[in-house]
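Trainee: Sending over a structure as structure tokens; questions will come in a sec.
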Amino acid sequence: MGKEQKNEIGRVISGIKKGDRQSISRAITIAESAPEMFASLIKPLYNPKKEARVIGIVGPPGCGKSSLIAMIAPKLTAMGNKLGVIAIDASSPFTGGSFLGNRIRMQDSLSNNKIFMRSMASRGAKGGLAAAVMNAILVLSSAGYDYIIVEPVGSGQADVDILDIASTIVLVLAPGLGDEIQAAKAGLMEIGNIFVINKVDLPGADKAERDIRYFISTGPAEKRQQNIVKTSTVSREGIDELAQAIIEHEKSVDKNEFIKYRFYMETLRIATEIFSEHIDHLKKERPKWLETSLSEATDPYSAAEKIIKRIESDEKL
Ligand SMILES: Nc1nc2c(ncn2[C@@H]2O[C@H](COP(=O)(O)OP(=O)(O)OP(=O)(O)O)[C@@H](O)[C@H]2O)c(=O)[nH]1
Ligand SMILES: [Mg+2]
């Protein structure tokens with residue numbers, strides 16, 4: 123790493139400690155584009171006590187996830203929380219059509235530095251989307267954010283395994299989505315901690331609710347008691363209940379246990395990344411020692427074991 127990069131890291135670290143938004147933004151960009159530089163940035167900042175609570179808002183495309191986030195965001199900040207919002211594959215989480223109006227409601231929280239918003243592209247991040255999202259969570263946690271809402275793309279499954287990062291998962295469904303509800307049922311129903319039927323101002327809301335209740339009744343026993351929150355971002359029905367349901371669910375989560383789990387998943391992800399970087403390097407370089415090992419090995423398994431030993435011993439590859 124060059125002197126200039128080191129200086130920049132120093133500046134970004136002290137900025138993040140002060141909660142400076144530009145530094146937070148820059149750190150997330152570094153995480154997306156230069157993972158090795160990000161490592162030196164986050165090491166001195168990381169503090170497990172500061173790990174934020176992460177809420178995943180999942181559901182089929184167009185069910186109203188972003189609109190709901192815009193409405194519950196000010197509720198969470200009004201309770202004294204600093205809130206981060208990460209939306210995946212939105213041009214910007216708060217400039218999409220439905221956000222223009224909601225942005226006005228959020229103005230206070232925004233000007234008080236209580237909400238930080240960021241969108242991420244599912245393609246293009248070095249190390250993949252899961253890495254970029256997890257690293258953004260590390261940055262926002264270090265900057266003192268209490269809650270982070272993540273809105274994954276489309277069905278919510280995408281590249282991010284939301285179960286690895288979120289301690290509360292809100293599943294949003296809406297009337298009139300037809301097949302998408304069927305698809306969502308298959309994959310998402312099992313992971314939801316809170317079920318939401320949004321757009322209850324539209325016809326068909328009752329049918330959607332009956333469908334979901336039926337589905338729940340056929341699911342695992344522990345889900346049968348599940349509450350369904352009915353919301354509309356048009357009439358604002360159910361918005362307070364949803365914010366409250368999220369807080370209540372978080373109360374039931376053992377935060378320390380969940381953070382240990384997220385730490386474990388994060389560690390494995392980083393280890394995999396470092397390891398595969400070594401392997402990529404070997405694919406490109408074919409160094410002399412590797413050629414020798416290969417010619418000495420009697421089978422490819424023994425040859426692979428030699429490579430692993432070499433990586434472990436941290437000898438120059
Ligand atoms: N009638 C009605 N329309 C709503 C409601 N909530 C959202 N919408 C509309 O539904 C459309 C999609 O809303 P979004 O909030 O962008 O939905 P999303 O789930 O974030 O969509 P993707 O991110 O594209 O998957 C927009 O046109 C919203 O204005 C609601 O409660 N009632
Ligand atoms: Mg959206």
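Counting from 123, one number per residue, gives the positions in the sequence shown under this note's numbering. Cβ atoms here follow ideal geometry from the backbone N, Cα and C, with glycine treated the same way. Here the structure is a predicted model, which is why all the values come from computation and not from measurement.
(1) Assign isoleucine 237 to one of two classes, buried (16 or more other C-beta atoms within 10 Å of its C-beta) or exposed (fewer than that).
(2) In chain order, what residues of the same chain lie with their CB nearer than 8 Å to the CB of isoleucine 313, ignoring the 5 residues before and after it?
(3) Please determine whether the Cβ atom of lysine 321 lies at a distance below 7 Å from any heavy atom of ligand 2.
(4) With a CB to CB cut of under 7 Å and the five nearest residues on each side skipped, what residues in its chain are close to leucine 324?
(5) Three or more C-beta pairs under 8 Å: does that hold for the stretch 365–383 against the stretch 168–180?
(6) Output the distance between the C-alpha atoms of arginine 432 and alanine 253, rounded to the nearest integer angstrom.
(7) To the nearest angstrom, how far is it from the Cα of tyrosine 168 to the Cα of glutamate 331?
(8) Could you compute how far the alpha carbon of serine 264 sits from the alpha carbon of glutamate 413?
(9) Closer than 7 Å to a non-hydrogen atom of ligand 2 - does that hold for the CB of serine 188?
(10) Look at the Cβ atom of isoleucine 138, then the Cβ atom of glutamate 273, and state whether they are nearer than 8 Å.
(11) Would valine 351 and alanine 367 qualify as a contact pair, given that the criterion is a beta-carbon distance under 8 Å?
(12) Taking only runs that begin and end inside the stretch 347–417, name each unbroken alpha helix (DSSP H) of 4 or more residues, in chain order.
(13) Under 8 Å between the Cβ atoms of serine 354 and valine 322?
(14) Would you mind sorting glutamate 126 into buried or exposed? The rule is 16 or more other CB atoms within 10 Å of its CB.
(15) Could you check whether the Cβ of alanine 195 sits closer than 7 Å to any heavy atom belonging to ligand 2?
(16) Skipping 5 residues on each side, what residues in its chain have a beta carbon closer than 6 Å to that of methionine 256?
Mentor: Result, derived from the coordinates:
(1) Counting from one through the sequence shown, the residue named residue 237 turns up at place 115. Result: buried.
(2) As a first step, residue 313 is located in the sequence shown; it is residue number 191 there, counting from the start. Val180, Ile284, Leu285, Ile291, Leu293, listed in sequence order.
(3) Working through the sequence shown from its first residue, we reach residue 321 at position 199. Distance from the C-beta of lysine 321 to the nearest heavy atom of ligand 2 is not below 7 Å.
(4) On the sequence shown, position 202 is the one that residue 324 refers to. Short of 7 Å from the beta carbon of leucine 324, and not among the five residues preceding or following it, lie these beta carbons of its own chain, in chain order: Pro297, Gly298.
(5) Yes, they touch.
(6) To locate residue 432, count along the sequence shown from 1; it is residue 310. To locate residue 253, count along the sequence shown from 1; it is residue 131. Rounded to whole angstroms, the gap between the alpha carbons of arginine 432 and alanine 253 is 26 Å.
(7) Position 46 of the sequence shown, counting from 1, holds the residue named residue 168. Position 209 of the sequence shown, counting from 1, holds the residue named residue 331. Roughly 43 Å separates the two Cα atoms.
(8) The residue labelled residue 264 in the question sits at position 142 within the sequence shown. The residue labelled residue 413 in the question sits at position 291 within the sequence shown. So the two alpha carbons sit approximately 44 Å from each other.
(9) Working through the sequence shown from its first residue, we reach residue 188 at position 66. Yes.
(10) The sequence position of residue 138 within the sequence shown is 16, counting from 1. The sequence position of residue 273 within the sequence shown is 151, counting from 1. It is not a contact, given that the beta carbons lie outside the stated cut-off.
(11) On the sequence shown, residue 351 is found 229 positions in, with the first residue counted as 1. On the sequence shown, residue 367 is found 245 positions in, with the first residue counted as 1. Yes; because the gap between Cβ atoms is below 8 Å, this pair is in contact.
(12) Qualifying alpha helix (DSSP H) stretches, in chain order: 361–374, 377–407.
(13) Indexing the sequence shown from 1 puts residue 354 at position 232. Indexing the sequence shown from 1 puts residue 322 at position 200. Contact annotation: serine 354 and valine 322 have beta-carbon atoms nearer than 8 Å.
(14) Position 4 of the sequence shown, counted from the start, is the residue given in the question as residue 126. By the neighbour-count criterion, in which 16 or more other beta carbons inside 10 Å mark a residue as buried, glutamate 126 falls on the exposed side.
(15) Your numbering for residue 195 matches position 73 in the sequence shown. In this structure, the C-beta of alanine 195 stays at least 7 Å away from each heavy atom of ligand 2.
(16) Here the question's residue 256 lines up with position 134 in the sequence shown. These residues qualify, in order along the chain: Glu388.
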